[in-house]
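A.B. asks:
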Amino acid sequence: MSELLNVLVVGATGGTGRATVERLAAEGHRVTAFSRSADRLANEIDGITTVNGDVTDPHAVEQAVAGQDVVIVTLGITENPLRVRFLGPARTPINVRSQGTKHVISAMKKHGARRLIVQSSYGVGETQGFLGFTDQLLFSLLLKPQIADTEIQEQYVRASGLDWVLAQPVHLKDDEATKPFLSTQGETRLMQVARQTVAKFLALAAHEEAYVGQSVTISG
175 MSELLNVLVV GATGGTGRAT VERLAAEGHR VTAFSRSADR LANEIDGITT VNGDVTDPHA
235 VEQAVAGQDV VIVTLGITEN PLRVRFLGPA RTPINVRSQG TKHVISAMKK HGARRLIVQS
295 SYGVGETQGF LGFTDQLLFS LLLKPQIADT EIQEQYVRAS GLDWVLAQPV HLKDDEATKP
355 FLSTQGETRL MQVARQTVAK FLALAAHEEA YVGQSVTISG
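Residue numbering for the sequence shown follows our numbering, beginning at 175 and increasing consecutively.
Shown next, in the form of structure tokens:
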């Protein structure tokens with residue numbers, strides 16, 4: 175059994191965020207779930223601390239980061255991507271990934287937390303040239319603003335000076351966890367992966383040294 179850690183999950187009520195909170199709690203870690211509606215997890219997942227807060231508020235983020243060993247960021251926009259692309263998001267800033275992560279990095283430096291794990295996306299950064307034609311169209315036509323923000327998010331992470339890990343899952347689905355196919359070279363097996371499988375890796379990366387400073391592709 176690995177050392178038990180104080181772990182903050184930012185974006186805890188999204189699909190992967192919630193799965194990560196569940197996984198970490200099942201492993202016995204001391205988990206704090208942070209999101210605008212984190213309290214809804216309190217009665218559903220035993221043994222966790224919930225903090226309602228907005229990741230775009232640096233003060234709220236700083237308070238949540240205090241006392242943590244590890245911060246896992248699973249930020250994203252859950253609204254319909256067509257609406258987001260052509261009308262803009264209704265509830266979440268389009269730059270939530272980059273700005274939220276920027277605030278997390280600042281707070282971690284202030285409080286001395288070192289391990290930062292950020293869920294990004296396959297096809298960003300080092301894996302940009304690995305996408306198939308259909309996914310390239312999807313990124314350029316429908317997801318362009320969100321992908322651009324994710325690129326900035328990754329830049330902040332790489333320049334942070336922290337012990338960072340970037341997780342780049344392929345297309346996410348709701349399914350049971352399977353053994354992940356992991357690659358630091360952008361290789362994939364299937365182009366879909368369960369959120370539970372991604373959560374399994376994020377929990378592993380909280381204490382595994384081998385992935386520090388790496389961008390890790392996660393596929394099914």
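A virtual CB, placed ideally from N, CA and C, is assigned to each residue, including glycine. If you're wondering where the values come from, they're calculated on a predicted model, not measured in any experiment.
Mind checking which residues open and close the beta strand (DSSP E) that includes Arg289?
C.D. replies: Start and end: Arg289 to Gln293.
A.B. asks: In terms of residue numbering, what span does the alpha helix (DSSP H) encompassing Phe313 cover?
C.D. replies: Looking at the DSSP string, Phe313 is not in any alpha helix (DSSP H), and its letter there is neither H nor E.
A.B. asks: Over the uninterrupted alpha helix (DSSP H) stretch that includes Asp323, give me the two end residues.
C.D. replies: Counting along the chain, the alpha helix (DSSP H) containing Asp323 begins and ends at Lys318 to Arg332.
A.B. asks: Can you check whether the CB of Gln320 is closer than 8 Å to the CB of Ile251?
C.D. replies: Yes, Cβ-Cβ distance for Ile251 and Gln320 is below 8 Å.
A.B. asks: In the DSSP output, what is Ala341 paired with across the bridge?
C.D. replies: Ala341 is bridged to Gln293 and Val390.
A.B. asks: Let me know the secondary structure DSSP gives Gln366 once reduced to three states.
C.D. replies: Strand.
A.B. asks: With Thr352 as the anchor, note down where its beta strand (DSSP E) starts and where it stops.
C.D. replies: Unbroken run through Thr352: none, as it is neither H nor E.
A.B. asks: Taking the alpha-carbon of Gln242 as reference, which of Gly306, Ala384 and Val183 has the nearest alpha-carbon?
C.D. replies: Comparing Cα positions, the closest option is Val183.
A.B. asks: In terms of DSSP beta bridges, what is Lys347 paired with?
C.D. replies: DSSP lists Ala368 as partners of Lys347.
A.B. asks: In terms of DSSP beta bridges, what is Leu182 paired with?
C.D. replies: For Leu182, which the question treats as bridged, DSSP gives the partners Thr206 and Val245.
A.B. asks: Relative to the C-alpha of Thr406, which residue among Thr358, Asp231, Thr230 and Arg214 is closest?
C.D. replies: It is not possible to answer for residue 406, since the shown part of the chain is limited to 175 through 394.
A.B. asks: Expressed to the nearest angstrom, what Euclidean distance is found between the alpha-carbon atoms of Val181 and Tyr330?
C.D. replies: About 20 Å.
A.B. asks: Within this structure, are the beta carbons of Ala351 and Leu198 separated by less than 8 Å?
C.D. replies: Going by C-beta atoms, Ala351 is not nearer than 8 Å to Leu198.
A.B. asks: Could you check which residue in Val245, Leu317 and Gly286 has the C-alpha nearest to that of Pro263?
C.D. replies: The option with the nearest alpha carbon to Pro263 is Leu317.
A.B. asks: Buried or exposed: where does Ala483 fall if 16 or more other Cβ atoms within 10 Å of its Cβ makes it buried?
C.D. replies: Beyond the ends of the chain as shown, which are 175 and 394, falls residue 483; an answer cannot be given.
A.B. asks: Could I get the ranges of all uninterrupted alpha helix (DSSP H) runs contained in the stretch 212-287, with 4 residues as the minimum, in chain order?
C.D. replies: Counting only runs of 4 or more, we get 232-239, 255-260 and 270-285.
A.B. asks: What three-state label does DSSP hand Ala193 in the structure shown?
C.D. replies: Three-state DSSP puts Ala193 in a helix.
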